[in-house]
Amino acid sequence: MSDEQPKRMAIIASKGTLDMAYPPLILASTAAAMDVETMIFYTFYGVDIVNKHKYANLKVAPIANPAMPSPVPMPNIIGMLPGMTALGTMMMKSMMGKINWPSIPEMMEVCLEMDVKMVACTPTLEMTGLTQSDLIEGVKVGGAADYLDFGLDANINLFV
Amino acid sequence: MSDITPDEIADLKGLNCPMPVLKTKKALDKIEGGKILRVDLTDAGSKSDLPAMIKRTGNELLEMSEADGVYTFFIKKKAS
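The listed protein sequences correspond, in order, to chains W and B. FYI, in our numbering the residues of the first sequence are 1 to 160. FYI, in our numbering the residues of the second sequence are 1001 to 1080.
See below:
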């Protein structure tokens, strides 16, 4: 394999809910384990995944989410009640715990340890008043061209 | 039981995707080239996941077996 160019994967993470934080981190860490050079570019709500004040407490959205696993059906009118986001999140986390799934901070640590490149979108940071010091250590900042420069040479490009 | 004698054993029973692949890779990184790693796990997805990772990283899957819901892989690390 050493005579070939290393494979590459680029992922754009644009969502900041708990369920949407997992796919980029799972794919990136697995790709790194398969000797694939990987970058995750965090934009819009996706920046929450690398916001050190928020990433351990990402939530599941119970509203307008008909796939929400629940012991009882959860209509939107119930999902909008105060506390339902916390309840839905707690339920999801307990289901993940039952199958021994790693938390988001654990997955993040694995990705960084495996040299997954992490880039947070600069306009999103400007817009939300965040600076590099609000991000997890190891995350760089960059713009669209930074993603494209990596993505143009990638075998897989995903938008999550 | 296999007649292959492993140099290292990784017990990954009870873990789900993506952890078996990640921990197997970590265990492979720790041993020297040419050595043999045995991995025991219970995640059915690993039947296809582990061979894919092993192939893509240039390592060699010597043997895979299944008994009582436990999958056992013998992997030879590529020469370094």
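From the three backbone atoms N, C-alpha and C, an ideal C-beta is built for every residue, glycine too. On a predicted model such as this, the values are computed, not experimentally measured, just so you know.
Tell me, please, whether the CB atom of THR38 of chain W is closer than 8 Å to any CB atom in chain B? Contact with chain B is absent for THR38 of chain W, since none of that chain's Cβ atoms lies less than 8 Å from the residue's Cβ.
Contact criterion: CB-CB distance below 8 Å. Does ASN173 of chain W meet it with respect to chain B? There is no way to answer for residue 173 of chain W, as the model of chain W reaches only from 1 to 160.
By a C-beta neighbour count over all protein chains shown, 10 Å radius and 16 as the cutoff for buried, is PRO1006 of chain B buried or exposed? PRO1006 of chain B sits buried, since 16 or more C-beta atoms from the chains shown fall within 10 Å of its C-beta.
Would you please state the rounded distance, in angstroms, between the beta carbons of ALA28 of chain W and ILE11 of chain W? I believe it to be under 8 Å. Contact holds; Cβ gap of about 6 Å.
C-alpha gap between GLU137 of chain W and ILE49 of chain W, whole angstroms: Near 13 Å, if we compare the C-alpha coordinates of ILE49 of chain W and GLU137 of chain W.
Does PRO1018 of chain B have its Cβ less than 8 Å from a Cβ in chain W? Chain W, which has a Cβ nearer than 8 Å to the Cβ of PRO1018 of chain B, makes this yes.
If you count every other CB in all the chains shown that lies within 10 Å of the CB of SER1048 of chain B, and 16 or more means buried, which is it? The residue is exposed, with fewer than 16 neighbouring Cβ atoms inside 10 Å.
Is the Cβ-Cβ distance between LYS140 of chain W and VAL116 of chain W less than 8 Å? When the beta-carbon positions are compared, LYS140 of chain W and VAL116 of chain W stay at least 8 Å from each other.
So, helix, strand or coil for CYS111 of chain W, using DSSP? Residue state for CYS111 of chain W is assigned as helix, using DSSP reduced to three classes.
Exposure label - CYS111 of chain W; buried when at least 16 CB within 10 Å: With at least 16 other beta carbons inside 10 angstroms of its own, CYS111 of chain W counts as buried.
Between the CA atoms of GLY83 of chain W and ILE166 of chain W - distance to the nearest angstrom: The structure shown has nothing for residue 166 of chain W, since chain W only spans 1 to 160.
Name the residue from W:ASN76, W:CYS121, W:HIS53, W:MET9 whose alpha carbon lies nearest to the alpha carbon of GLY142 of chain W. Measuring from the Cα of GLY142 of chain W, the nearest candidate turns out to be W:CYS121.
Measure the alpha-carbon distance for HIS53 of chain W versus GLU1066 of chain B and round it to whole angstroms. Their Cα atoms are separated by approximately 44 Å.
Suppose the cutoff is 7 Å on Cβ atoms and the five residues either side in sequence are ignored; what does the same chain contact list for GLU1028 of chain B look like? Sequence check: residue 1028 of chain B is Leu here, not Glu. Around LEU1028 of chain B: LEU1037, ASN1059, ILE1075, LYS1077.
Here's a check: name, in chain order, each residue in its chain whose Cβ is nearer than 8 Å to the Cβ of LEU1062 of chain B, leaving out the five neighbours to either side. If we look at LEU1062 of chain B and ignore the five residues flanking it on each side, its Cβ neighbours are ILE1004, ILE1036, PHE1074, ILE1075, LYS1076.
I think THR124 of chain W touches THR43 of chain W, with their Cβ atoms under 8 Å apart; what is that distance to the nearest whole Å? 6 Å between Cβ atoms; contact.
Residues near MET1 of chain W by beta carbon distance below 6 Å, same chain, minus five either side: The pLDDT assigned to MET1 of chain W is 49, lower than 50, so where the model puts this residue is not dependable; a value taken from the coordinates is nonetheless given after this. Exclusion of the five residues before and after MET1 of chain W leaves no residue of its chain whose Cβ lies closer than 6 Å to its Cβ.
Residue of W:ILE104, W:ILE156, W:VAL36, W:THR89 minimising C-alpha distance to GLY46 of chain W: It is W:ILE104.
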